[in-house]
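Residues in the sequence shown are numbered consecutively from 2, following the numbering used here. No residue lacks a Cβ here, since even glycine has one placed at the ideal position from N, Cα and C. As structure tokens, the structure follows; a few thoughts come after it.
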Amino acid sequence: MVGIFKRLFGGSASDETPRAKSAHEQPKEKSRPDPNSETFRVSDPSLPGGSYFAQLECLTACISEKSYPEAATAARASLPLLREWLRDPAGDGQRLDIRIPALSQGGTMMAITGDRDGLCELSDLVQEFDFLESYREEADEHLIDLDLFNRIRDVIHAKPGVLQNQMKTELGITDGRRASRLVSYLEKSGEVRRAKSGKTHELYLAGFAMPEAVAASIYIEPENPGSHRRESRATRPRELDPKRVNIVPLPPSPSAWERPVELPTTQETFADTQGAWREIVVEPIPKEDRPDPAFRRHYSTRGGALSFDDLAKSDASLGAPGAVMFSNEKGQSGTPVPLHRDPYHVSVHPEGEGFALRSKSNVLTVYDGDLKIEFETDLANAPEVAANRDRVGLPESEAHRALRCIALTPERDRYVFTHVDEAWCVNRDGKCLWGL
């Protein structure tokens, strides 16, 4: 979105048009955007000018990388730019009602980093302009969150191992979701560690000496396996020409409003003269026989079904990011197996055995029919991904968003992955077979 605004409204007439890079060119090193490296003016007063969108790009990148102090700095640097935009009389009656992350996520970043002055500046900004009226209540909540963050740290320091579901009581608040959300931010920032304990978590400050059994219940992602690819440079994919593709237009579906379906009606009393119907009695399943609701994602395979606990809520996922369980065609379930990496994306072939997972760290893990790992590879290190990053200017931190789909053959000898507008097929040995 930031790039779209830049193309539509940013840059002066003297700006050079960047040369389009082909996918086979050698990729260049990318880094986080520097908001001070580029300043562009927006000629349309309906949008903020200056370096606002550069600051916005920096803010979102830092939040994605969990660099919260830098994200708070970028958010605070956006406030004067917003004030300048709102004070400009040229924008009266023309300003777009856009979402302003600096006032929402940015406020949370300032709260977790303890930037009270920045939050007071944010509060003054939203009070000064009626255009930002919808952010006023949220600005007050950010100041409350700042104090709650500090109180959560104090509680965990005083009571190591305190249960997360007791945090609202310790804080003296009624909103347990709010307490959990703030604890989650502290965990992402690396300040707090959460260890599963029943249906909740024990909380410890980072660096605190934890019992061995508790430490073993915390998932730590294994080391990156690297790429198994043979090619060091990306090859040019075959470009699909829409003019050469046979397109068959489908007729439009009938409008339900124009031609509503008329159901038959009857005035006769229902009667079962032949005794073909019988009463069905629904009995509750005994608690010990009920399926574990943690396994909430189900996929058909050639011999049965695979069920995934993708939120690590089952007992089998203790110390793991999730678990998987196979059930045969008779419905008999096997023993759940903990997953090696988080199941950010799951691919199961209905005519095959085994499955493939892609983690948030972009590692593709292929499992066989016995739920054992066959091979792993880091898709982010594929030469085609590096070439696309250079072609469209994507930061490395956004690779998991541009890597969209994975697919596996029934024999698990090849897989397909997509990145941006390309699809690539690679065999198990790391040789690229084709690209589109």
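Asked: Tell me where the alpha helix (DSSP H) around G107 begins and ends.; Found: Q106 to I113
Asked: Quick check: E330 and G304, are their CB atoms within less than 8 Å of each other?; Found: yes
Asked: Cβ of E352 within 8 Å of Cβ of E385?; Found: no
Asked: Give the single residue among R415, A321 and T336 whose Cα lies nearest to the Cα of F327.; Found: T336
Asked: Counting beta carbon pairs with one atom in the stretch 339-347 and one in the stretch 355-371, are three or more of them shorter than 8 Å?; Found: yes
Asked: Excluding the 5 residues flanking H420 on each side, which residues of the same chain have their C-beta closer than 7 Å to its C-beta?; Found: E385, V386, N389, A403 and L404
Asked: Count the CB pairs spanning the stretch 104-121 and the stretch 54-69 that are closer than 8 Å, and state whether there are at least three.; Found: yes
Asked: Count the C-beta pairs between the stretch 153-162 and the stretch 194-211 that are closer than 8 Å, then say yes if the count reaches three, no if not.; Found: yes
Asked: Only counting the same chain, and skipping five residues up and downstream in sequence, which positions put a Cβ closer than 7 Å to that of A75?; Found: P36, Q56, C59, L60 and C63
Asked: According to DSSP, simplified to helix, strand and coil, what is G177?; Found: helix
Asked: Quick check on the burial criterion: 16 or more other C-beta atoms within 10 angstroms. Buried or exposed for W425?; Found: buried
Asked: Below 7 Å, is the gap between the Cβ of E240 and the nearest heavy atom of the ligand ZN?; Found: Absence of the ligand ZN from the depicted structure is noted, as is the absence of any ligand whatsoever, leaving it without description.
Asked: Quick one: any contact between the stretch 370-384 and the stretch 222-233, if contact means 3 or more CB pairs under 8 Å?; Found: yes
Asked: I believe R137 touches Q128 by the beta-carbon criterion, under 8 Å. Please report the beta-carbon distance rounded to the nearest angstrom.; Found: 6 Å
Asked: May I ask you to report which of helix, strand or coil DSSP gives F438?; Found: A question about residue 438 goes unanswered here, because the residues of the chain that appear run from 2 up to 437.
Asked: Is the stretch 218-225 in contact with the stretch 167-181, if contact means three or more CB pairs nearer than 8 Å?; Found: no
Asked: Less than 6 Å between C-beta atoms, sequence neighbours within five positions excluded: which residues of the same chain meet that for V338?; Found: V325 and L372
Asked: Can you look up S424 in the DSSP assignment and give me helix, strand or coil?; Found: For clarity, residue 424 is Ala in the given sequence; the question names Ser instead. In the structure shown, A424 sits in a strand (DSSP, three-state: E or B).
Asked: If you pair each beta-carbon of the stretch 46-55 with each one of the stretch 81-94, do three or more pairs fall below 8 Å?; Found: yes
Asked: Using the rule of at least 16 other Cβ atoms within 10 Å of the residue's Cβ for burial, across every protein chain shown, is T302 buried or exposed?; Found: buried
Asked: Taking C-alpha atoms, which residue in L123, K197 and T274 lies nearest to A217?; Found: K197
Asked: Between the C-alpha atoms of E397 and S318, what's the straight-line distance to the nearest angstrom?; Found: 30 Å
Asked: Tell me the start and end of each unbroken alpha helix (DSSP H) in the stretch 344-401 that is at least 4 residues and wholly inside, in chain order.; Found: 384-393
Asked: In the DSSP assignment, find the beta strand (DSSP E) that holds M326 and state where it starts and stops.; Found: A324 to N329
Asked: Using the three-state DSSP reduction, which class does P238 fall into: helix, strand or coil?; Found: coil
Asked: Cα separation between L264 and E399?; Found: 52 Å
Asked: If you check the beta carbons only, do R413 and V347 fall under 8 Å apart?; Found: no
Asked: At what residues does the alpha helix (DSSP H) containing E58 begin and finish?; Found: Y53 to S65
Asked: What residue from F418, Q333 and F209 has the CA that sits closest to G436's CA?; Found: F418
Asked: Within a Cβ cutoff of 6 Å, which residues of the same chain sit near S334, ignoring the five residues on either side of it in sequence?; Found: M326 and S328
Asked: State buried or exposed for V349, treating a residue as buried only when at least 16 other CB atoms are found within 10 Å of its CB.; Found: buried
Asked: Quick one: measure Cβ to Cβ for I46 and A91, integer angstroms, because I've assumed they're closer than 8 Å.; Found: The question names Ile, but residue 46 is Pro in the sequence shown. Confirmed, about 4 Å.
Asked: For my contact list, L1 and R152 are in at a C-beta cut-off of 8 Å; report their separation, rounded to the angstrom.; Found: With the chain covering 2 to 437 only, the question about residue 1 has no answer from this structure.
Asked: What's the gap between the Cα of I286 and the Cα of D316?; Found: 21 Å
Asked: In whole angstroms, give me the CA-to-CA distance for L97 and V283.; Found: 56 Å
Asked: Sort R237, P255 and R245 by Cα distance to C433 and report the nearest one.; Found: R237
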